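> The letter at position 424 of the sequence shown is residue 424 when you use the numbering used here, and the numbering goes up by one with no holes.
Even glycine gets a Cβ: it sits at the ideal position worked out from N, Cα and C.
Everything numeric in this text was worked out from a predicted model, so none of it was measured.
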Amino acid sequence: MNKKIDTEMSLQECLASRKDCSGEGRTLSLTEILDICKSTIQVAPSKSLFVLLPDGEDYSGGLYWYKDKELTLITDKEKTQYSMELYPELIWKESLKLDDLVRVGLIWQYLSLKVESMGLGVSQRARAPKKYNKLINKNIDQNHILLYSVAVRGRDRDALVEDSSEPLQKELEEGIHLLNTPECYKDRAIYENQYKGVPLDVAIFDQVEKKKPNLISLHELSQLLWACQGENDHTTHGNRDALEKNGYGRVHASGCAGYAVYPIVIVDDLADLSKGAYFYNPIGFSALNRWIRIDDKVNYDHLLQKYTSNNPKSEIEKEFEINYLNYIILLCVDRKKPCSGFMHSKIGKTFMDPKYWGEIEAGMALAGLQLQANALGLRWEKSILSNPDDPKYRKLFDLGSAEQSINEMATNLVNLPKNEKLSLKGQLVPTVLFWCS
Numbered sequence: 001m002n003k004k005i006d007t008e009m010s011l012q013e014c015l016a017s018r019k020d021c022s023g024e025g026r027t028l029s030l031t032e033i034l035d036i037c038k039s040t041i042q043v044a045p046s047k048s049l050f051v052l053l054p055d056g057e058d059y060s061g062g063l064y065w066y067k068d069k070e071l072t073l074i075t076d077k078e079k080t081q082y083s084m085e086l087y088p089e090l091i092w093k094e095s096l097k098l099d100d101l102v103r104v105g106l107i108w109q110y111l112s113l114k115v116e117s118m119g120l121g122v123s124q125r126a127r128a129p130k131k132y133n134k135l136i137n138k139n140i141d142q143n144h145i146l147l148y149s150v151a152v153r154g155r156d157r158d159a160l161v162e163d164s165s166e167p168l169q170k171e172l173e174e175g176i177h178l179l180n181t182p183e184c185y186k187d188r189a190i191y192e193n194q195y196k197g198v199p200l201d202v203a204i205f206d207q208v209e210k211k212k213p214n215l216i217s218l219h220e221l222s223q224l225l226w227a228c229q230g231e232n233d234h235t236t237h238g239n240r241d242a243l244e245k246n247g248y249g250r251v252h253a254s255g256c257a258g259y260a261v262y263p264i265v266i267v268d269d270l271a272d273l274s275k276g277a278y279f280y281n282p283i284g285f286s287a288l289n290r291w292i293r294i295d296d297k298v299n300y301d302h303l304l305q306k307y308t309s310n311n312p313k314s315e316i317e318k319e320f321e322i323n324y325l326n327y328i329i330l331l332c333v334d335r336k337k338p339c340s341g342f343m344h345s346k347i348g349k350t351f352m353d354p355k356y357w358g359e360i361e362a363g364m365a366l367a368g369l370q371l372q373a374n375a376l377g378l379r380w381e382k383s384i385l386s387n388p389d390d391p392k393y394r395k396l397f398d399l400g401s402a403e404q405s406i407n408e409m410a411t412n413l414v415n416l417p418k419n420e421k422l423s424l425k426g427q428l429v430p431t432v433l434f435w436c437s
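Here it is in structure tokens:
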């Protein structure tokens, strides 16, 4: 008998317990599959999804086309051993645009959180499914180029537990601002079955009454940044191998634990932050322990660090033809980073294709921003850069100073895991601007 979908699970709980999974999963009902597709495609309603299914009780296995709220069978010659697999529509072009790649990441994160609310998990596989490309293009006379696949699977790893270690003692240096603990955590564990957050579907379908952002506190910014690129592991205590084994890490997937996305906050007037640009450090001071004690108070360990006093607000508004009030979030990627972490290889052959992964991961991080903003009831806007490699952006956002500050902090972290690589491998590439209005 199929498990009932828990539509009341909050967005924040889904983010806090999201993880990559490797179990086979369970057979879903057709109603569940359509519900997953409906909430997943919400981020890009004009596009379509391709879904690979096993044999079910009320449907036959095969490769389907989800469009206009319906599943159309393309071929029954291919099936999956998992609950389902998903491939976002991506039309072949000589040069794939950034907004197309970001959209793939957005769709993946919406899917990941939806299936999390059903007690399942996902795993991303970064190998182009050439066989399915041929099948789809042959049967529907299109020219799709599917990059990677996402499988819906069973949660086969342990749940997060309360962190009982003694928190690190720390004093904040000038320019470093500790952010608020994510609301779904209490007593150093997920506030499960007690936290009354915004239900996931309410955030996905944007059903929260809008309000102006609170600019006298860092609370909303803290929640946004954590949902964008924060970590959700609590108990590895210096063992990154255990983190990877247990499937936790970021609130969204990251190619081979490379963590390619770097959020930057450019502040004009916000709470007690001075004007300038800050980078968000989601792994805090220790890289592994998630909690820290400052002034006798235990806080979640994530922070902002200032890297320049420059405030290019007017230049940003003129360059991108936008208007924002007090701050704006810039998502940058390190294209060389996705393969700097744990590598899946066999006899010297790498099974991870790093091409485009950083841009897709930026889409997953953007999804966290969008959904958390929806959950907080904030009006928001975004702008995806049309030419992210234009050298003028390095000067505009002072990315050279950001890179230097990020790498300096990486060398000064305590409790650094042996197999973690926290410094940048390449230059920061700006991808998306996000702001509350």
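Determine the DSSP secondary structure at G238, reduced to helix, strand or coil.
For the purposes of this step, residue 238 is taken as residue 238 along the sequence shown, with counting starting at 1. Confidence at G238 is low in this model, with a pLDDT of 48, below 50, so the placement of that residue should be treated as unreliable; the coordinate-derived value is given next. G238 carries a coil assignment under DSSP once its states are collapsed to helix, strand and coil.
> Please state if the CB of L96 and the CB of V150 are separated by a distance shorter than 7 angstroms.
Along the sequence shown, read from residue 1 onward, the residue named residue 150 stands at position 150. Along the sequence shown, read from residue 1 onward, the residue named residue 96 stands at position 96. Taking 7 angstroms as the Cβ cut-off, V150 and L96 do not qualify as a contacting pair.
> In this structure, how does DSSP classify C332 when only helix, strand and coil are distinguished?
Looking up residue 332 in the sequence shown gives position 332. Reduced to three states, the DSSP call for C332 is strand.
> Among the residues of its own chain, which have a CB less than 8 angstroms from the CB of L446, if the five just before and after it don't count?
What the structure shows of the chain is the stretch from 1 to 437, and residue 446 is not part of that stretch, so it cannot be assessed.
> For K104, list the residues DSSP reports as bridge partners.
Locating residue 104 in the sequence shown gives position 104, counting from the first residue. Checking the sequence shown, residue 104 turns out to be Val, not Lys. When DSSP reads this structure, V104 sits in no beta bridge, so it has no partner.
> Using a threshold of 7 angstroms, state whether the C-beta atoms of Q169 and R290 are closer than that.
Along the sequence shown, one-based indexing puts residue 169 at 169. Along the sequence shown, one-based indexing puts residue 290 at 290. Contact: no.
> Terminal residues of the continuous alpha helix (DSSP H) containing H219?
Within the sequence shown, the letter at position 219 stands for residue 219. Residue range 219-229 is occupied by the alpha helix (DSSP H) that includes H219.
> Between the alpha carbons of L147 and G363, how many angstroms are there, rounded?
For the purposes of this step, residue 147 is taken as residue 147 along the sequence shown, with counting starting at 1. For the purposes of this step, residue 363 is taken as residue 363 along the sequence shown, with counting starting at 1. Going by the C-alpha atoms only, they are around 14 angstroms apart.
> Report the residue from E89, G61, L73 whose alpha carbon sits nearest the alpha carbon of K79.
Counting from one through the sequence shown, the residue named residue 79 turns up at place 79. Checked all of E89, G61, L73; the closest Cα to K79 is G61.
> With I36 and I74 assumed to form a contact (beta carbons below 8 angstroms), what rounded beta-carbon distance in angstroms separates them?
Numbered from 1 along the sequence shown, position 36 holds the residue referred to as residue 36. Numbered from 1 along the sequence shown, position 74 holds the residue referred to as residue 74. Actually they do not touch by this definition, with Cβ atoms about 18 angstroms apart.
> Buried or exposed: where does F50 fall if 16 or more other Cβ atoms within 10 Å of its Cβ makes it buried?
In the sequence shown, counting from the first residue as 1, residue 50 sits at position 50. With 16 or more Cβ atoms within 10 Å of its Cβ, F50 is classed as buried.
> Determine whether the beta carbon atoms of L106 and A367 lie at a separation below 7 angstroms.
On the sequence shown, position 106 is the one that residue 106 refers to. On the sequence shown, position 367 is the one that residue 367 refers to. Contact flag set, yes.
> Short check: CB of L378 to CB of P199, under 7 angstroms?
Walking along the sequence shown from the start, residue 378 turns up at place 378. Walking along the sequence shown from the start, residue 199 turns up at place 199. It is not a contact, given that the beta carbons lie outside the stated cut-off.
> Are Y280 and L325 touching if we call contact CB-CB under 7 angstroms?
As a working note, residue 280 is residue 280 in the sequence shown. As a working note, residue 325 is residue 325 in the sequence shown. Using a Cβ distance threshold of 7 angstroms, Y280 and L325 do not count as a contacting pair.
> Please classify S48 as buried or exposed, where buried requires at least 16 other C-beta atoms within 10 Å of its C-beta.
As a first step, residue 48 is located in the sequence shown; it is residue number 48 there, counting from the start. The residue is buried, with at least 16 neighbouring Cβ atoms inside 10 Å.
> Counting along the chain, where does the beta strand (DSSP E) carrying Q124 start and finish?
Counting from 1 along the sequence shown, the entry for residue 124 is found at position 124. Unbroken beta strand (DSSP E) run through Q124: 120-125.
> Is it true that the CB of Y82 sits closer than 7 angstroms to the CB of G25?
The residue you call residue 25 lines up with position 25 of the sequence shown. The residue you call residue 82 lines up with position 82 of the sequence shown. The answer is yes: Cβ separation under 7 angstroms.
> Using the C-alpha atoms, what's the distance from I145 back to E94?
By one-based count along the sequence shown, residue 94 stands at place 94. By one-based count along the sequence shown, residue 145 stands at place 145. If you take the alpha carbons of E94 and I145, they lie about 11 angstroms apart.
> Would D398 pass as a contact of T308 if the rule is Cβ separation under 7 angstroms?
By 1-based counting over the sequence shown, the position of residue 398 is 398. By 1-based counting over the sequence shown, the position of residue 308 is 308. Taking 7 angstroms as the Cβ cut-off, D398 and T308 qualify as a contacting pair.
> Among the candidates W357, T27, T40, D206, whose CA atom is the shortest distance from the CA of D55?
Within the sequence shown, the letter at position 55 stands for residue 55. Of W357, T27, T40, D206, the residue nearest in Cα terms is T27.
> At the level of alpha carbons, what is the spacing between I316 and R127?
As a first step, residue 316 must be located in the sequence shown, where it is residue number 316. As a first step, residue 127 must be located in the sequence shown, where it is residue number 127. Straight-line Cα distance between these residues: approximately 37 angstroms.
> Suppose only complete runs of 4+ residues qualify. What are the alpha helix (DSSP H) ranges in the stretch 349-409, listed by chain order?
357-376, 392-396
> Assuming the contact rule is C-beta atoms closer than 8 angstroms, A16 and C228 should be a hit. Round their C-beta distance to whole Å, please.
On the sequence shown, residue 16 is found 16 positions in, with the first residue counted as 1. On the sequence shown, residue 228 is found 228 positions in, with the first residue counted as 1. Between C228 and A16 the Cβ distance is about 14 angstroms, and since that is not below 8 angstroms, they are no contact.
> Can you have a look at S345 and say buried or exposed, based on whether 16 or more other CB atoms are within 10 angstroms of its CB?
The count along the sequence shown starts at 1 and reaches residue 345 at position 345. Unreliable positioning characterises S345 in this predicted model, as indicated by a pLDDT of 44, which lies under 50. The coordinate reading is nonetheless provided below. With fewer than 16 Cβ atoms within 10 Å of its Cβ, S345 is classed as exposed.
> Given a cut-off of 7 angstroms on the beta-carbon distance, is the pair K306 and Y278 in contact?
Counted from its first residue, the sequence shown places residue 306 at position 306. Counted from its first residue, the sequence shown places residue 278 at position 278. Yes, Cβ-Cβ distance for K306 and Y278 is below 7 angstroms.
> So, are the CB atoms of L218 and L179 less than 7 angstroms apart?
The sequence position of residue 218 within the sequence shown is 218, counting from 1. The sequence position of residue 179 within the sequence shown is 179, counting from 1. Result yes, Cβ atoms of L218 and L179 sit closer than 7 angstroms.
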